[in-house]
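Q:
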Amino acid sequence: MNTKLNRSEWHRSIYSSRWTSEGVNSLEVMEPATGELLDIVGLASKHHVYEAAEAAVSVQRRWADTAPGTRAAILRRAAALFEERKPEILEILMRESGSIMPKAEFEFASVISELHEAAALTTQPEGLLLPSGSPTRLSIARRVPIGVVGVITPWNLPLALAVRSIAPAVALGNAVILKPDPKTPISGGLIIAQIFQDAGLPAGVLSVLPGGAEVGDAIVRHPDIPMISFTGSTVTGKMIARIAGESLKKVSLELGGNNALIVLDDADLERATSAAAYGSFLHQGQVCVAVGRHIVHRKIAAQFAEMLAARAKNLPVGDPYRENVALGPIISQQQIEKIDEFVKSTATAGARLLTGGKYDKLFYQPTVLTDVLPGMPTFDYEVFGPVASITVFDDDEQAVDLANRGDYGLSSAVQSRSLDRAIAISRGIKAGMVHVNDQTIVYEAHAPFGGVKNSGNGSRYGSPTNHEEFTTLQWVTTNEVIPAYPF
Ligand code: NAD
Numbered sequence: 055m056n057t058k059l060n061r062s063e064w065h066r067s068i069y070s071s072r073w074t075s076e077g078v079n080s081l082e083v084m085e086p087a088t089g090e091l092l093d094i095v096g097l098a099s100k101h102h103v104y105e106a107a108e109a110a111v112s113v114q115r116r117w118a119d120t121a122p123g124t125r126a127a128i129l130r131r132a133a134a135l136f137e138e139r140k141p142e143i144l145e146i147l148m149r150e151s152g153s154i155m156p157k158a159e160f161e162f163a164s165v166i167s168e169l170h171e172a173a174a175l176t177t178q179p180e181g182l183l184l185p186s187g188s189p190t191r192l193s194i195a196r197r198v199p200i201g202v203v204g205v206i207t208p209w210n211l212p213l214a215l216a217v218r219s220i221a222p223a224v225a226l227g228n229a230v231i232l233k234p235d236p237k238t239p240i241s242g243g244l245i246i247a248q249i250f251q252d253a254g255l256p257a258g259v260l261s262v263l264p265g266g267a268e269v270g271d272a273i274v275r276h277p278d279i280p281m282i283s284f285t286g287s288t289v290t291g292k293m294i295a296r297i298a299g300e301s302l303k304k305v306s307l308e309l310g311g312n313n314a315l316i317v318l319d320d321a322d323l324e325r326a327t328s329a330a331a332y333g334s335f336l337h338q339g340q341v342c343v344a345v346g347r348h349i350v351h352r353k354i355a356a357q358f359a360e361m362l363a364a365r366a367k368n369l370p371v372g373d374p375y376r377e378n379v380a381l382g383p384i385i386s387q388q389q390i391e392k393i394d395e396f397v398k399s400t401a402t403a404g405a406r407l408l409t410g411g412k413y414d415k416l417f418y419q420p421t422v423l424t425d426v427l428p429g430m431p432t433f434d435y436e437v438f439g440p441v442a443s444i445t446v447f448d449d450d451e452q453a454v455d456l457a458n459r460g461d462y463g464l465s466s467a468v469q470s471r472s473l474d475r476a477i478a479i480s481r482g483i484k485a486g487m488v489h490v491n492d493q494t495i496v497y498e499a500h501a502p503f504g505g506v507k508n509s510g511n512g513s514r515y516g517s518p519t520n521h522e523e524f525t526t527l528q529w530v531t532t533n534e535v536i537p538a539y540p541f
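Residue numbers for the sequence shown, in our numbering: 55 to 541.
#1: On the three-state DSSP scale, how would you describe Q528?
#2: So, at 6 Å on beta carbons, what are the nonlocal neighbours of I16 in its own chain, with the 5 sequence-adjacent residues on each side left out?
#3: Looking at C-beta atoms only, is the number of pairs between the stretch 465-478 and the stretch 307-327 that lie closer than 8 Å three or more?
#4: Can you name the start and end residues of the alpha helix (DSSP H) that I220 belongs to?
#5: Output needed for G181: all residues of its chain with C-beta closer than 7 Å, excluding positions within five of it in sequence on either side, in chain order.
#6: Roughly how many angstroms separate the alpha carbons of S186 and E534, rounded to a whole number?
#7: Mind listing, in chain order, the residues whose beta carbon lies closer than 5 Å to a non-hydrogen atom of ligand 1?
#8: Check Y543 in the structure and name its three-state DSSP category.
#9: What does the alpha-carbon distance come out to for the pair Y518 and V202?
#10: Can you check whether the CB of M361 is closer than 7 Å to the CB of S403?
#11: Could you check if A356 is buried or exposed, using at least 16 other CB atoms within 10 Å of its CB as the buried criterion?
#12: On the criterion of 16 or more Cβ atoms from any shown chain inside 10 Å, does N79 qualify as buried, or is it exposed?
#13: If T409 and T421 are in contact, beta carbons under 8 Å, what's the gap, nearest whole angstrom?
#14: Does the Cβ-Cβ distance between L307 and G510 come in under 7 Å?
#15: Give the DSSP-derived three-state secondary structure of V454 in the structure shown.
#16: For T424, report the span of its alpha helix (DSSP H) as first-last.
#17: Specify, as a first and last residue, the run of the beta strand (DSSP E) that T190 falls within.
#18: Please classify N378: is it buried, with 16 or more other beta-carbons within 10 angstroms of its beta-carbon, or exposed?
#19: Residues in its own chain within less than 7 Å of R72 by CB, not counting five upstream and five downstream?
#20: Please work out which residues of its chain come closer than 8 Å, Cβ to Cβ, to L144, disregarding the five sequence neighbours upstream and downstream, and give them in chain order.
#21: Taking 6 Å as the cut-off, is the beta-carbon of F417 closer than that to any non-hydrogen atom of ligand 2?
#22: In angstroms with no decimal places, state the Cα-to-Cα distance between G512 and F541.
#23: Between L309 and the rest of its own chain, which residues show a CB-CB distance below 6 Å, the 5 nearest in sequence each way excluded?
#24: State the Cα-Cα distance for the pair S466 and R481, rounded to the nearest angstrom.
#25: DSSP three-state call for W117: helix, strand or coil?
#26: Going by other Cβ atoms of all chains shown within 10 Å of its Cβ, with 16 needed for buried, is R115 buried or exposed?
#27: Compute the Euclidean distance between the alpha carbons of T327 and G346, then round it to the nearest angstrom.
#28: Does DSSP put T124 in a helix, a strand or coil?
#29: Report the option in R325, F503, I385 and H521 whose CA atom is closest to the CA atom of V468.
#30: In chain order, what residues of the same chain have a beta carbon less than 7 Å from the beta carbon of L129, not counting five sequence neighbours either side?
#31: Beta-carbon separation of Q340 and F438 under 7 Å?
#32: By the three-class DSSP mapping on this structure, what secondary structure does R471 have?
#33: Just to confirm, is the Cβ distance from A214 to S164 under 7 Å?
#34: I believe A106 touches S261 by the beta-carbon criterion, under 8 Å. Please report the beta-carbon distance rounded to the nearest angstrom.
#35: For the beta strand (DSSP E) containing M281, list its first residue and its last residue.
Right, here's the structure in full:
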């Protein structure tokens with residue numbers, strides 16, 4: 055077994071239940087830090103969605119009937135192969151998605167946990183033993199796979215966000231068709247296809263089709279794909295939900311956020327500003343659970359702003375693969391222009407720019423804006439860039455009210471030396487996740503990750519909630535003899 059990645063396999067190819075270049079267009083993968091070509095892979099079309107769906111349907115029942123121990127062994131073997139190929143995978147994550155090494159390592163570690171958690175799912179008891187009106191009727195509800203799951207993912211944590219759906223879906227007996235974002239097709243999909251193939255996953259159980267909206271749309275509309283697991287923007291998520299709703303497909307949506315970090319007047323400011331900087335600037339702020347809004351008590355607001363701005367100024371920005379930097383590039387020109395527009399329009403609306411607000415090529419300087427109020431763009435919308443907005447509050451009730459403003463409800467955090475006060479505030483926050491004495495980017499493969507409001511539709515990834523996401527209940531009754539009926 056070759057323990058290295060075989061890059062020639064995905065050259066101008068896709069994995070439509072097998073490596074193929076038939077009817078495939080070329081997709082150039084660029085390195086955002088240098089603007090240079092990293093690789094050329096295959097670009098799938100609608101036709102490949104039909105082909106992959108047919109293959110998935112034909113093998114899914116057999117896969118679901120495969121012994122749990124066999125399914126688990128394949129997932130554990132995949133984890134081992136990821137470990138063996140770790141240096142190459144980290145390199146691709148850094149170069150393709152602009153990750154610094156610690157972010158790539160964090161992402162990689164979460165993939166390994168996801169695979170082990172998913173392997174364990176296969177033998178967890180799930181279902182209900184139900185009372186029945188008849189003493190001779192055995193009544194149970196068992197969990198059965200949904201069938202073929204369409205997984206659509208973004209570019210920011212391409213590897214982890216794909217594996218967190220694929221691993222539990224496959225573990226629980228489903229087949230999967232993955233469409234990674236075309237900006238990160240290698241770390242977001244082709245690596246995964248290769249490792250699962252090498253780990254012994256039967257052909258057809260997984261297909262990986264790099265492509266744009268057209269391919270995603272074909273997956274969403276396909277009649278033989280009864281579930282869509284989508285991670286991405288709220289706008290796209292809502293569009294997918296509308297289309298999928300017409301055929302009553304199950305849709306699991308993990309969408310955008312503009313997450314609040316509340317800092318109380320008694321917080322340890324050294325720790326608070328360090329956590330705040332990490333929460334806003336990790337991966338250039340291109341993280342769904344990044345801190346978008348720092349909601350800070352008036353007594354400490356000036357000092358907090360000064361300390362956060364000082365930290366921001368000290369963070370080096372550059373090529374994460376060739377230099378030792380804290381922030382890498384923004385993923386694209388379109389994205390960096392959007393970030394800059396957010397910063398400029400918020401400053402024009404009356405906020406004070408303490409540092410940053412400038413960029414060169416795709417490198418945006420970590421930015422701190424203070425005196426940001428509701429109604430200003432960076433308060434109201436998700437920036438998805440390295441921008442920390444500070445808003446001042448006077449009492450705890452106002453802090454909760456400010457945190458709850460806006461359409462999103464993904465992650466949140468509260469910092470204080472008074473745990474009772476922080477916990478009371480945390481109970482008032484309308485978000486899928488709240489972290490006391492921490493920042494908002496917290497991820498563990500076994501914890502239920504998800505948001506409310508415009509951040510998601512209540513779906514939750516993370517064992518054991520993956521049973522809920524990737525299976526459906528089937529009520530089964532067994533009578534000792536056929537009951538007598540009056541007709
Ligand atoms: P996006 O919605 O533009 O794209 C996400 C995926 O959807 C890509 O694969 C894209 O090709 C595909 N897509 C686009 N249009 C489609 C269509 N009409 N039909 C089917 N598929 C389509 O998202 P983005 O802007 O690239 O990603 C960033 C967003 O993702 C941010 O809002 C971020 O907060 C969110 N996100 C959420 C989570 C979470 O877990 N909640 C995690 C990461 C990112």
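Glycine included, each C-beta is placed from N, C-alpha and C at the ideal position.
All values derive from a computational prediction rather than experimental measurement.
A: According to the structure shown:
#1: Strand at Q528.
#2: Nothing can be reported for residue 16: it is not among the residues displayed for the chain, which extend from 55 to 541.
#3: The stretch 465-478 vs the stretch 307-327: in contact.
#4: P212 to A225
#5: Result list for G181: I194, A195, R196 and R197, in chain order.
#6: 13 Å
#7: I206, P208, D235, A267, G270, D271, T285, G286, S287, T290, E308, G310 and C342
#8: Shown here, the chain extends from 55 to 541; a query on residue 543 therefore has no answer.
#9: According to the sequence as given, residue 518 is Pro; it is not Tyr. Distance between the alpha carbons of P518 and V202 is about 20 Å.
#10: Checking the displayed sequence, the identity of residue 403 turns out to be Ala instead of Ser. No, the pair does not count as a contact, with Cβ atoms beyond the cut-off.
#11: exposed
#12: exposed
#13: 7 Å
#14: The answer is yes: Cβ separation under 7 Å.
#15: helix
#16: Counting along the chain, T424 falls outside any alpha helix (DSSP H), though it belongs to the beta strand (DSSP E) covering T421 to T424.
#17: T190 -> no beta strand (DSSP E), and no H or E assigned at all.
#18: exposed
#19: A257
#20: M155, A158, E159 and F162
#21: For ligand 2, the structure offers nothing, since it holds only ligand 1.
#22: 45 Å
#23: So the qualifying residues of the chain are T288, G291, S509 and G510.
#24: 11 Å
#25: helix
#26: exposed
#27: Looking at the two C-alpha atoms, the distance is approximately 14 Å.
#28: helix
#29: A check of alpha carbon separations from V468 across R325, F503, I385 and H521 identifies R325 as the nearest.
#30: L169, A172, A173, A221 and A225
#31: yes
#32: Assignment of R471 by DSSP, reduced to helix, strand and coil, places it in the coil class.
#33: Contact check for A214 against S164 passes: the beta carbons are separated by less than 7 Å.
#34: Rounded to whole angstroms, the Cβ separation of A106 and S261 is 4 Å, and the two are in contact under 8 Å.
#35: Membership of M281 in the beta strand (DSSP E) is indicated by the continuous run M281 to T285.
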